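Colleague: Residue numbers (our numbering): 114 to 352.
#1: Which residues in the same chain as residue 233 place their Cβ atom closer than 7 Å to its Cβ, once the five residues preceding and following it in sequence are excluded?
#2: Out of 345, 299, 269 and 322, point me to the one whose CA is closest to residue 339's CA.
#3: Could you tell me how far apart the beta carbons of residue 318 and residue 285 are, in whole angstroms, since I believe they sit closer than 8 Å?
#4: Distance check for residue 194 and residue 162, CA to CA, integer angstroms please.
#5: From residue 316 to residue 153, what distance separates their C-alpha atoms?
#6: Classify residue 130 as buried or exposed, calling it buried when 16 or more other Cβ atoms lie within 10 Å of its own Cβ.
#7: I think residue 150 touches residue 185, with their Cβ atoms under 8 Å apart; what is that distance to the nearest whole Å?
#8: My assumption, with CB atoms under 8 Å, is that residue 183 sits in contact with residue 238. Please give the rounded CB distance.
#9: I'd like to check one pair, residue 301 with residue 332: are the Cβ atoms closer than 7 Å?
#10: Residue 326: which of 303, 274, 306 and 342 sits nearest, CA to CA?
This is the structure we're talking about:
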């Protein structure tokens with residue numbers, strides 16, 4: 114992640130990185146092996162649809178930082194397909210020599226290799242940084258109406274708006290108890306990441322982030338399509 118080409122916002126040190134390449138699958142039970150340790154979490158997609166496990170709770174399972182040399186079966190038909198790896202940076206630590214790899218650079222590095230069984234790459238590996246800068250989030254357009262709650266085949270961006278009068282601007286919390294995993298932006302400001310397995314079921318929104326009139330909530334959700342966004346006065350915790 115940190116070694117991506119520098120662009121207008123400088124070097125990337127947080128967010129996501131997308132790796133993609135075209136592969137030719139020889140038989141249905143082809144396999145993908147990621148050599149080395151993932152930093153930090155990966156979602157694997159084929160032709161835009163997730164093929165990895167959904168919301169694993171054990172960090173030793175495929176796609177989590179605590180596992181190595183992961184193997185995943187790609188249950189797709191023979192032919193040419195687009196393989197995508199979405200890598201998430203979950204943060205860094207500086208207090209444990211046993212976990213010093215968590216302080217390393219994020220994403221794939223020269224020690225990581227993508228190994229295919231019963232499939233071959235037919236294009237070069239393309240790498241795209243996704244730092245989710247504030248100006249990028251607020252400039253997004255082309256939103257489509259969608260209110261149905263459902264599990265999704267791939268991560269996506271969801272947007273909602275709400276209106277406030279001056280007397281209603283105050284500290285509040287966003288209820289994320291019906292969601293899966295992702296990140297939230299209020300008026301372009303990143304208020305944090307969330308995960309359904311966390312004891313915290315809300316994200317704190319300080320009053321200075323809100324404004325009179327229209328306010329926007331943008332969610333980058335990995336797994337579900339929440340049909341309702343709820344603001345609540347107090348934090349919610351798992352019981």
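Don't be surprised by glycine CBs; every beta carbon is placed ideally from N, CA and C. Owing to the predicted nature of the structure, the values given are computational and were not obtained by experimental measurement.
Modeller: Put simply:
#1: 136 and 137
#2: Checked all of 345, 299, 269 and 322; the closest Cα to residue 339 is 269.
#3: 5 Å
#4: 11 Å
#5: 22 Å
#6: buried
#7: Their Cβ separation, rounded to whole angstroms, is 15 Å, which puts residue 150 and residue 185 out of contact at 8 Å.
#8: Rounded, the Cβ-Cβ distance is 18 Å, inconsistent with contact.
#9: no
#10: 274
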